[in-house]
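A.B. asks:
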Amino acid sequence: MQGGLRGNGETMHGQGEGGRVVRAPFAPDEELLLGGAGLRQRRGRVEEPVILFEHHEVKWASSVGTLRQNEAYKYKRTQVLGCGEHPYAQHIDGACCEAALAKLRGAEWVGVVDDLRILRGDVGHLQVRGTKWLTGGLMLHDTDPDDAPFVLVVMLQPFYWRYRLVGWAYGREGKEARWWNTVKLPRPAYLVPQEFLCPMATLP
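Just so we're aligned, residue 56 is where the sequence shown starts under this note's numbering, counting upward by one.
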């Protein structure tokens with residue numbers, strides 16, 4: 056499969072409308088520090104970049120998500136984890152969130168369709184988790200790798216056009232007993248609140 060998206064680091068503080076990276080209106084100041092005590096609550100507010108997609112970027116990422124679900128049906132791969140949405144919607148949302156992170160990082164995203172388990176991460180070494188809830192948390196499972204950085208991406212309405220990159224945490228930091236949630240999710244999982252995530256500026 057050919058094609059892909061390539062982020063443009065020069066657009067980080069650019070002006071204009073389509074396909075750019077902007078600063079969220081709720082963005083300034085203080086950074087979250089990581090210590091031996093694990094994730095600590097943010098003091099003040101931090102910059103949360105917002106990605107704006109152009110039409111061709113939405114079309115490409117959505118097609119990757121659709122093809123991924125087609126492959127899952129073909130090889131009878133069932134969705135064991137996740138948020139309980141329709142499989143096609145879940146794959147499309149996931150692909151678009153991956154493309155948003157790649158655009159922010161200035162990294163090429165080719166949209167792998169085959170068995171995703173062979174990849175080190177969703178975007179390079181990074182894992183991506185998305186949510187449609189403005190205040191939704193970072194969802195993690197016991198099977199997630201402890202040493203991988205997981206990035207939370209919020210899909211802003213209208214979906215597939217705007218994405219807010221909230222923050223990140225290592226798998227081991229998010230899998231603490233205090234984040235275990237059996238109420239808000241269709242399946243029990245760890246759910247790290249946004250205010251406890253590390254700022255995107257510190258992403259390795």
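Where a beta carbon is used, it is the ideal one built from N, C-alpha and C, also for glycine. Keep in mind it's a predicted model, so treat the numbers as computed, not measured.
Specify whether the segment 230-242 and the segment 117-134 touch according to this definition: at least 3 beta carbon pairs, one from each stretch, less than 8 Å apart.
C.D. replies: With the cut-off at 8 Å, the segment 230-242 and the segment 117-134 do not touch.
A.B. asks: Assuming residue 206 contacts residue 238 (C-beta within less than 8 Å), just tell me the rounded distance between them.
C.D. replies: Residue 206 sits at position 151 when you count from the first residue of the sequence shown. Residue 238 sits at position 183 when you count from the first residue of the sequence shown. Not really, about 24 Å apart at Cβ, beyond 8 Å.
A.B. asks: If you count every other CB in all the chains shown that lies within 10 Å of the CB of residue 225, and 16 or more means buried, which is it?
C.D. replies: As a working mapping, residue 225 is identified with position 170 in the sequence shown. Counting Cβ neighbours within 10 Å, residue 225 comes out buried, since at least 16 surround it.
A.B. asks: May I ask you to report which of helix, strand or coil DSSP gives residue 112?
C.D. replies: For the purposes of this step, residue 112 is taken as the residue at position 57 of the sequence shown. Looking at residue 112 - three-state DSSP - the assignment turns out to be helix.
A.B. asks: Starting from residue 143 and walking both ways along the alpha helix (DSSP H), at which residues does that stretch end?
C.D. replies: To locate residue 143, count along the sequence shown from 1; it is residue 88. First-last of the alpha helix (DSSP H) with residue 143: 142-160.
A.B. asks: Looking at C-alpha atoms only, which residue of 177, 244, 246, 203 is the closest neighbour of residue 116?
C.D. replies: Counting from 1 along the sequence shown, the entry for residue 116 is found at position 61. Measuring from the Cα of residue 116, the nearest candidate turns out to be 177.
A.B. asks: Excluding the 5 residues preceding and the 5 following residue 211 in the sequence, name in chain order all residues of the same chain whose CB lies nearer than 8 Å to its CB.
C.D. replies: Against the sequence shown, residue 211 aligns to sequence position 156. Answer for residue 211: 105, 189, 217, 218, 219, listed in chain order.
A.B. asks: Residue 229 bridges to which residues according to DSSP?
C.D. replies: Within the sequence shown, the letter at position 174 stands for residue 229. DSSP lists no partner for residue 229.
A.B. asks: To the nearest angstrom, report how far apart residue 168 and residue 215 are at their CA atoms.
C.D. replies: Locating residue 168 in the sequence shown gives position 113, counting from the first residue. Locating residue 215 in the sequence shown gives position 160, counting from the first residue. Answer to the nearest angstrom: the Cα atoms are 19 Å apart.
A.B. asks: Report back the beta-carbon spacing between residue 159 and residue 181 to the nearest angstrom; my notes put them in contact at under 8 Å.
C.D. replies: Your numbering for residue 159 matches position 104 in the sequence shown. Your numbering for residue 181 matches position 126 in the sequence shown. Incorrect: roughly 10 Å between the Cβ atoms, too far for contact.
A.B. asks: Pull the bridge partners of residue 186 from the DSSP assignment, please.
C.D. replies: Walking along the sequence shown from the start, residue 186 turns up at place 131. DSSP lists 209 as partners of residue 186.
A.B. asks: Taking the alpha carbon of residue 204 as the reference point, which residue from 161, 250, 179, 112 has its own alpha carbon closest?
C.D. replies: For the purposes of this step, residue 204 is taken as residue 149 along the sequence shown, with counting starting at 1. Comparing Cα-Cα distances from residue 204 to each of 161, 250, 179, 112, the minimum goes to 179.
A.B. asks: Judging by CA-CA distance, which residue of 227, 141, 148 is the nearest neighbour of residue 241?
C.D. replies: Working through the sequence shown from its first residue, we reach residue 241 at position 186. It is 141 whose Cα lies nearest to the Cα of residue 241.
A.B. asks: For a test of the three-state rule: what should DSSP assign to residue 216, helix, strand or coil?
C.D. replies: On the sequence shown, residue 216 is found 161 positions in, with the first residue counted as 1. Of the three classes helix, strand and coil, the one that applies to residue 216 here is coil, per DSSP.
A.B. asks: Excluding sequence positions up to five away, which residues of its chain have a Cβ less than 6 Å from the Cβ of residue 200?
C.D. replies: Within the sequence shown, the letter at position 145 stands for residue 200. Closer than 6 Å at the Cβ level, and outside the excluded window around residue 200, lie 226.
A.B. asks: Alpha carbon to alpha carbon, what distance is there between residue 121 and residue 131?
C.D. replies: Sequence index remark: in the sequence shown, residue 131 carries index 76 (1-based). Sequence index remark: in the sequence shown, residue 121 carries index 66 (1-based). Rounded to the nearest angstrom, the two C-alpha atoms are 15 Å apart.
A.B. asks: How many Å lie between residue 152 and residue 250 at the Cα?
C.D. replies: Along the sequence shown, read from residue 1 onward, the residue named residue 152 stands at position 97. Along the sequence shown, read from residue 1 onward, the residue named residue 250 stands at position 195. Straight-line Cα distance between these residues: approximately 20 Å.
A.B. asks: Pull up the distance between the alpha-carbon of residue 222 and that of residue 193, whole angstroms please.
C.D. replies: As a working mapping, residue 222 is identified with position 167 in the sequence shown. As a working mapping, residue 193 is identified with position 138 in the sequence shown. So the alpha carbons of these two residues sit roughly 9 Å apart.
A.B. asks: Identify the continuous beta strand (DSSP E) that holds residue 194 and give its terminal residues.
C.D. replies: Taking the first residue of the sequence shown as 1, we reach residue 194 at position 139. 193-195 is the extent of the beta strand (DSSP E) around residue 194.
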